[in-house]
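Protein chains in written order, with our numbering: chain A, 126 to 459; chain B, 126 to 459.
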DNA sequence: AATGGTTATGACAACGTGAGACAATTGATA
DNA sequence: TATCAATTGTCTCACGTTGTCATAACCATT
């Protein structure tokens, strides 16, 4: 491999001058600079990052530990946002697919320590509390938080998401929303429920009994709602005029269930959700109106905090936005 | 940061002996080894990878350049497979989200060169030909190939996938399959069509005219099939008894279209597809019977080839497997 | 010509690790 | 006591880069 020493020899100059050219030190004569630069281009010299790291005692590497990169495609946007910021700042990101609390997490942190990484981002695929691993590295929690609450944290503003979505439904004339919420062990589910009720209060409606929750995991949720809740509610005397699903993946079986009940989504009952999962939300028929979760922005912000010199705010909430499709038409006045 | 020199001072021994312990030199007395190891554990000493890289002139880093980590969740499995193998071999993976042929690709390769990466994997989200970037690094193409054909390549055996799926349909008694294929610019689409026809021939059926293709991109495909092809074919005199969709994401709008046509998936017409996209394929009602594309295995194999000393086979084809769900019932004899 | 100031260049050390050469020490055995 | 093997230590170099400091070259002013 070509080194600065080789360049110096070829350019008949000193090692230091080559280094100056490479580091854009202005204290170099233009003619010399050009002569050296030409040789650099010719030889295809590439600086050795390892040597640079050793000399500077710092590494330009940030770790991204992600749980379940596999399961949820939304978490990919967290990765993308973080990576885009890192590269824009000339940093490198090392991605680790881990399981929280298991050996894979410890190993990832050990690897990052070997590379003297300046910081690490710990991301989860859904908003929830996590145990904080023991590490000396600067840490940013992404889409999760720890009980102690003294670590920089980036979270979706789930309460506001629930509030905004509900407010929009009410504004459009819907009066009997039914919230098919995710399990309360998910922090986002609890917060959205709060926002849902608060938005009702603001409009003079008591929505507290308009929430259904399943205690088990996501998969079970769907079965419960589809087989038990929906048939009962939709055939009752006062059926809901709009369903709020806990996530887009729940809206899909809900669509199918409504078809089985002989109801048309959008006409007989509106359906909304949270996630804006691509390309699912767009491919569903009718297109799913859903609260876009700002994962890409969250990834960006987390990386900005990981790279910032000064201390980051402990908890930063990121807003989402409603994406309108055909599943939530403007309601005809009853 | 603690160094080997610090350890030596604390253990009242020489730098060399510490180095021996760390590098597992057997020529060390057991008692001494333990004493030093204890201090290493206590201080939480972590070897400096930069120094090690410089000393050993090699880096243990493999690059993974992926197009559209964002768009397709299937490509995540490529990443996971590659990462699992890398970590098992004590290597580090650097992930880059790039666009083929654009600056992001060149920059990623430049970064990897700075780290003296030993190899890089170039992955695409769907099976197609790509231009090979100029680089000195050992390269493995994953889910894509270049025209010259002298680069190690890992691909799904799409021809076999098409053949196996079709054979299974025929074995179950279906006789009028209709293949709603992806655009032929995708290599996988062309190969699956070959397999489809070959399987027909093997069963004494001419299926050449049972393929429909759209020339535009995936999104357009769906519209075309859903709005033009399906209504015409399904209401014809001899409607298909089973639909083969080019991908699970196409099967979704197809489901909705069949509902609009008053047809029940599984009962009136069977539906199958390619991908086994999680969790979509499972959540659709009825569950989608689909050819699982072995992305995780492909990722593993690509990384194995990237790390292998000797030259890798130019083209390695990986097999898939049918995942049975309710959308393809065993057919009642007509 | 001497002085001072600026600009350009070079010599050298140091970062942490690993390895080779070889000396020194210890303990056991002949 | 002499000999040998096992263990530990000393010393040195190398990897590639960059900060510190020193020197050289040049110009303008006195």
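Don't be surprised by glycine CBs; every beta carbon is placed ideally from N, CA and C.
Nothing here was measured: the structure is a model prediction, and the numbers come from that model.
Inset, instruction - Would you mind telling me which residues of chain B sit closer than 9 Å to residue 210 of chain A, beta carbon to beta carbon, in chain order? - result: Along the first chain, one-based indexing puts residue 210 of chain A at 85. For residue 210 of chain A, none of the residues of chain B pass the 9 Å Cβ criterion, the least Cβ distance being about 12 Å.
Legend entry - Residues that residue 236 of chain A contacts on chain B, provided the C-beta gap is smaller than 7 Å: In the first chain, residue 236 of chain A corresponds to position 111, counting from 1. Neighbours of residue 236 of chain A in chain B, taken as residues whose beta carbon is under 7 Å from its own, are 217 in chain order.
Legend entry - C-alpha distance - residue 350 of chain B paired with residue 368 of chain B, whole-angstrom precision: Here residue 350 of chain B refers to the residue found at position 225 of the second chain. Here residue 368 of chain B refers to the residue found at position 243 of the second chain. Looking at the two C-alpha atoms, the distance is approximately 11 Å.
Legend entry - 8 Å Cβ cutoff met for residue 206 of chain B and residue 412 of chain B: Working through the second chain from its first residue, we reach residue 206 of chain B at position 81. Working through the second chain from its first residue, we reach residue 412 of chain B at position 287. The answer is no: Cβ separation not under 8 Å.
Legend entry - For residue 146 of chain B, the three-state DSSP class (helix, strand or coil): As a position in the second chain, residue 146 of chain B is number 21, starting the count at 1. Three-state DSSP puts residue 146 of chain B in a helix.
Inset, instruction - Could you run through the segment 160–173 of chain B and flag, in chain order, every residue whose CB is less than 9 Å away from some CB of chain A? - result: Those residues of the segment 160–173 of chain B that come within reach of chain A (Cβ to Cβ, closer than 9 Å) are 169, 171, 172, 173.
Legend entry - Min CB distance residue 399 of chain B to chain A below 8 Å: Taking the first residue of the second chain as position 1, residue 399 of chain B is located at position 274. No - not a single Cβ of chain A is within 8 Å of the one on residue 399 of chain B.
Inset, instruction - Can you grab the Cα-Cα spacing for the pair residue 220 of chain A / residue 240 of chain B, in whole Å? - result: Looking up residue 220 of chain A in the first chain gives position 95. Looking up residue 240 of chain B in the second chain gives position 115. The alpha-carbon of residue 220 of chain A is positioned some 16 Å away from that of residue 240 of chain B.
Legend entry - Residue ranges of each alpha helix (DSSP H) within the segment 195–220 of chain B, 4 or longer: Counting whole runs of 4 or more residues, the segment 195–220 of chain B contains the alpha helix (DSSP H) stretches 199–213.
Inset, instruction - Report the residue ranges of all alpha helix (DSSP H) runs contained in full by the segment 151–203 of chain B; include only those spanning at least 4 residues, in chain order. - result: For secondary structure counted as the alpha helix (DSSP H) over 4 or more consecutive residues, the segment 151–203 of chain B holds these complete runs in sequence order: 155–168, 174–181.
Inset, instruction - Return the first residue and the last residue of the beta strand (DSSP E) that residue 302 of chain A is part of. - result: Here residue 302 of chain A is taken as the residue at index 177 of the first chain, counted from 1. Note, residue 302 of chain A: beta strand (DSSP E), 302–306.
Inset, instruction - Using a threshold of 8 Å, state whether the C-beta atoms of residue 248 of chain A and residue 192 of chain A are closer than that. - result: Here the question's residue 248 of chain A lines up with position 123 in the first chain. Here the question's residue 192 of chain A lines up with position 67 in the first chain. With contacts defined as CB atoms closer than 8 Å, residue 248 of chain A and residue 192 of chain A qualify as a contacting pair.
Inset, instruction - Can you grab the Cα-Cα spacing for the pair residue 292 of chain A / residue 388 of chain A, in whole Å? - result: Position 167 of the first chain, counting from 1, holds the residue named residue 292 of chain A. Position 263 of the first chain, counting from 1, holds the residue named residue 388 of chain A. Rounded to whole angstroms, the gap between the alpha carbons of residue 292 of chain A and residue 388 of chain A is 25 Å.
Legend entry - residue 270 of chain A (DSSP reduced to helix, strand or coil): Looking up residue 270 of chain A in the first chain gives position 145. Of the three classes helix, strand and coil, the one that applies to residue 270 of chain A here is strand, per DSSP.
Legend entry - Where the beta strand (DSSP E) through residue 250 of chain A begins and ends: Locating residue 250 of chain A in the first chain gives position 125, where the first residue counts as 1. Unbroken beta strand (DSSP E) run through residue 250 of chain A: 244–254.
Legend entry - Per-residue contacts from residue 384 of chain A into chain B (C-beta, under 7 Å): Numbered from 1 along the first chain, position 259 holds the residue referred to as residue 384 of chain A. Simply 384.
Inset, instruction - May I ask you to report which of helix, strand or coil DSSP gives residue 350 of chain A? - result: Here residue 350 of chain A refers to the residue found at position 225 of the first chain. Correct three-state label for residue 350 of chain A: helix.
Inset, instruction - Would you kindly work out how many angstroms separate the C-alpha atoms of residue 459 of chain A and residue 363 of chain A, rounded to a whole number? - result: For the purposes of this step, residue 459 of chain A is taken as residue 334 along the first chain, with counting starting at 1. For the purposes of this step, residue 363 of chain A is taken as residue 238 along the first chain, with counting starting at 1. Note on residue 459 of chain A: pLDDT 47, under 50, position unreliable in the model; the coordinate value appears next. Whole-angstrom Cα-Cα distance: 13 Å.
Inset, instruction - Starting from the C-beta of residue 233 of chain A, find all residues in its chain whose C-beta is less than 6 Å away, skip the five residues before and the five after it, and write them out in chain order. - result: In the first chain, residue 233 of chain A corresponds to position 108, counting from 1. Contacts found: 190, 221, 223.
Legend entry - residue 311 of chain A versus residue 238 of chain A - alpha carbon distance: Within the first chain, the letter at position 186 stands for residue 311 of chain A. Within the first chain, the letter at position 113 stands for residue 238 of chain A. One C-alpha to the other measures close to 31 Å.
Inset, instruction - Within the same chain, show all residues whose beta-carbon is closer than 6 Å to that of residue 294 of chain B, passing over the 5 residues directly before and after it, in chain order. - result: As a first step, residue 294 of chain B is located in the second chain; it is residue number 169 there, counting from the start. If we look at residue 294 of chain B and ignore the five residues flanking it on each side, its Cβ neighbours are 302, 367.
Legend entry - Same chain, Cβ closer than 7 Å to residue 172 of chain B, neighbours up to 5 away in sequence not counted: Here the question's residue 172 of chain B lines up with position 47 in the second chain. Within the same chain, and ignoring the five residues on either side of residue 172 of chain B in sequence, the residues whose Cβ sits closer than 7 Å to its Cβ are 147.
Inset, instruction - Tell me whether residue 268 of chain A is buried or exposed, calling it buried when 16 or more other Cβ atoms sit within 10 Å of its Cβ. - result: Counting from 1 along the first chain, the entry for residue 268 of chain A is found at position 143. It counts as buried.
Legend entry - contact_flag[the segment 267–281 of chain A, the segment 416–432 of chain A] where n(CB pairs < 8 Å) is 3 or more: Pairwise C-beta distances place the segment 267–281 of chain A in contact with the segment 416–432 of chain A, as three or more of them are shorter than 8 Å.
Inset, instruction - Spell out a yes or no on whether the segment 165–180 of chain B and the segment 378–396 of chain B are touching, meaning 3 or more CB-CB pairs, one atom from each, closer than 8 Å. - result: Short answer: they don't touch.
Inset, instruction - Would you please verify whether the beta carbon of residue 290 of chain B is less than 8 Å from any beta carbon of chain A? - result: As a position in the second chain, residue 290 of chain B is number 165, starting the count at 1. Under the Cβ criterion of 8 Å, residue 290 of chain B is not counted among the residues facing chain A.
Inset, instruction - Find the residues of chain B that neighbour residue 430 of chain A, judging by a C-beta separation of less than 9 Å, and give them in chain order. - result: Translated into the one-based positions of the first chain, residue 430 of chain A becomes position 305. Within chain B, no C-beta atom comes nearer than 9 Å to that of residue 430 of chain A; the closest sits roughly 20 Å away.
Inset, instruction - Could you name the residues of chain A that residue 410 of chain B contacts, counting a contact when the two beta carbons are closer than 7 Å? - result: Here the question's residue 410 of chain B lines up with position 285 in the second chain. Annotation: Cβ neighbours of residue 410 of chain B in chain A (cutoff 7 Å, chain order): 378, 381.
Inset, instruction - Give the secondary structure of residue 459 of chain B by DSSP, where H, G and I count as helix, E and B as strand, and everything else as coil. - result: Locating residue 459 of chain B in the second chain gives position 334, where the first residue counts as 1. Interpretation of residue 459 of chain B is limited by its pLDDT of 47, a score under 50 that renders its predicted location unreliable; the figure taken from the coordinates is listed afterwards. Here residue 459 of chain B sits in coil by DSSP.
Inset, instruction - Please classify residue 505 of chain B: does DSSP put it in a helix, a strand, or coil? - result: A question about residue 505 of chain B goes unanswered here, because the residues of chain B that appear run from 126 up to 459.
Inset, instruction - Give the range of the alpha helix (DSSP H) segment to which residue 136 of chain A is assigned. - result: As a first step, residue 136 of chain A must be located in the first chain, where it is residue number 11. Segment 129–136, the alpha helix (DSSP H) holding residue 136 of chain A.
Inset, instruction - Reducing DSSP to helix, strand and coil, say where residue 277 of chain A ends up. - result: Here residue 277 of chain A refers to the residue found at position 152 of the first chain. Residue 277 of chain A: strand per DSSP, three-state reduction.
Inset, instruction - Show which residues of chain B have a CB atom less than 9 Å away from the CB atom of residue 374 of chain A. - result: As a first step, residue 374 of chain A must be located in the first chain, where it is residue number 249. Around residue 374 of chain A, the beta-carbon contacts reaching into chain B at under 9 Å are 404, 405, 408.
Legend entry - Assigned secondary structure, residue 291 of chain B (DSSP; H/G/I helix, E/B strand, else coil): One-based indexing of the second chain puts residue 291 of chain B at position 166. In the three-state DSSP reduction, residue 291 of chain B falls in the helix class (H, G or I).
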